[in-house]
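In the UniProt record's numbering, the protein residues as written are 1 to 519. Accompanying notes for the structure given below.
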């Protein structure tokens, strides 16, 4: 527990910094757009209605979907900019609406009195209308701040560092302390900013310049402290072991970006590659919790240099091949396709397969007399299947459903963290399990046979971006991992995290001792 807490605490400065800078930048730019637009639209009812409708439509898009949409719109770019753009759009509606409502709510008699005093329209705006509407505008700003700080936790899947890293990784690895860290600090940040804005509102209303100055200093201090981890990054530890001394000198000081998808196995393998590359003298930057297509787009665009994917995922999702192929054919065609299309190098398979497989409890399978997927057709209308959020739109499920007549089966999408417990406890009848997951054996699940061979092979492979493929020494450093990890070793490493509550770093260290099948 203490080691887990120490690791989470060590990550806090970097993640909190990313969250603060992302949120504040989005809010400030959103305010810079919303307030002038609201001032211009307030005396023009038709324009006001139009801009509020547009902002309202943006606001109805779920935060995670809006963040994901920014990636293709920015040409596959991941990280800060798609997250910033989405959050900035998300911040506009409350500020814009309250600016318009506040200005339109100024009493006509007050405006007439200002005209009677000979004030120009600009003077009426700055000396009368804006001061009177300020409490309403600030209320909108406070709402926007709470929304944006909360939504910023969703920036993790598009590669932006935020407190959401705690939450996404914690859910996948069942590390509830990590989830708690993310929730507590995100909520605390929202409360802190909300109270700062409240004090600014009081200062403006009571004309207390000292209070306003104090809040401004406090806000500058928060921003300054948030910039420290960015401006003064932690130096990479010097390599001291023998493998590091024999590492390719060309990697010394090179910054290498490693990507990982949002599940346990990916965290472990990313940590293993990080250890290997840091021993070779490289400076490693991690981008965890990426979606499948986002990870690939990031590799193609050079946002990351290396990550591990699976042949079946690329075959079905990226290459859009409807039929599975033999393992060696799939690997050869995939390798050629990736290099010809995007210049991506397939370094080689790690030595194990993590396939999609449909699993039931042994007791439930025996009760139904089910051995293979074909046996499910007779019971399809009575059964429900759980799976990770993307599986039911993938060709693997569609092909399985159509080939075995499972169209009547009810589907329930859920985070992969919870689906094993759901099938164990009878909340669903079967799940789309990952075949290297240690919970299959621990929960006494059986993976149903696929007699029609609908599901393709899913060999884990190391992929290098075009830049990384041309970088001297990188392929050489990672080459010892090729063919070195068998399914039992990977299953054991996954079990350490999912069931024995070790960290992915600890599991990666254990896995390193098993490379090549050695005990």
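Every residue gets a Cβ at the ideal spot worked out from N, C-alpha and C, and that includes glycine.
When secondary structure is reduced to three states using DSSP, residue 77 falls in the coil class, being assigned neither helix nor strand. The bridge partners DSSP lists for residue 431 are 359 and 386. By DSSP's assignment, residue 308 forms a beta bridge with 462. Per the C-alpha coordinates, the member of 207, 30 and 178 positioned closest to residue 11 is 178.
Unbroken beta strand (DSSP E) runs of no fewer than 3 residues, entirely contained in the region 273–324, are found at 283–290 and 306–310, following chain order. The C-beta separation of residue 350 from residue 344 comes to about 17 Å, leaving the pair out of contact by the 8 Å criterion.
If the five residues before and after residue 335 are omitted, its C-beta is found closer than 7 Å to the C-beta atoms of 346, all from its own chain and listed in chain order. Annotation: residue 461 to residue 484 spans about 12 Å, alpha carbon to alpha carbon. Bounds of any beta strand (DSSP E) do not take in residue 335; it lies within the alpha helix (DSSP H) bounded by 327–342. Between residue 109 and residue 133, the C-beta gap is not smaller than 7 Å, which leaves the two residues out of contact. When Cβ pairs closer than 8 Å are counted between the two stretches, the region 24–33 is seen not to touch the region 41–54, the count staying below three. DSSP links residue 348 through a beta bridge to 462. The beta carbons of residue 253 and residue 304 sit no closer together than 7 Å. Ranking 261, 288 and 250 by CA distance to the CA of residue 280 puts 250 first. Within the same chain, and ignoring the five residues on either side of residue 422 in sequence, the residues whose Cβ sits closer than 6 Å to its Cβ are 386 and 428. Judged by DSSP in its simplified three-state form, residue 448 adopts coil rather than helix or strand. Non-local C-beta neighbours of residue 410 in its own chain, meaning closer than 8 Å and more than five positions away in sequence, comprise 383, 384 and 385, ordered along the chain. For residue 412, DSSP records a beta bridge to 386. Around the beta carbon of residue 381, a 10 Å sphere encloses fewer than 16 other beta carbons of the protein chains shown; the residue is thus reported as exposed. CA-CA distance, residue 77 to residue 49, rounds to 34 Å. Counting every other CB atom within 10 Å of its CB across the protein chains shown gives residue 168 a total of 16 or more, marking it as buried. In this structure, DSSP gives residue 3 a helical state, which the three-state scheme calls helix.
For residue 255, the uninterrupted beta strand (DSSP E) segment begins and ends at 255–261. Taking 3 residues as the minimum length, the region 108–172 contains no beta strand (DSSP E) run wholly inside it.
Exclusion of the five residues before and after residue 88 leaves 26, 29 and 30 as the residues of its chain whose Cβ lies within less than 7 Å of its Cβ. Our two residues, residue 131 and residue 52, have alpha carbons roughly 22 Å apart in a direct line.
Spanning the alpha carbons of residue 62 and residue 125 requires a straight line of approximately 36 Å. With fewer than 16 other Cβ atoms inside 10 Å of its own Cβ, residue 408 counts as exposed. Listed in chain order, the non-local C-beta contacts of residue 452 below 6 Å within the same chain comprise 403, local neighbours out to five positions each way being set aside. Here the alpha carbons of residue 323 and residue 437 stand approximately 25 Å from one another.
For the pair residue 443 and residue 467, the CB atoms are not nearer than the 7 Å cut-off. Residue pairing for residue 353: DSSP places it in a beta bridge opposite 459.
Nearest C-alpha to residue 406 among 515, 364 and 378: 378. Taking every protein chain shown into account, the CB of residue 456 has 16 or more other CB atoms within 10 angstroms, so this residue is buried. Excluding sequence positions up to five before and after residue 469, its CB lies within less than 6 Å of the CB of 345, all in the same chain and listed in chain order. Taking the CA atoms as reference points, residue 490 sits about 8 Å from residue 265.
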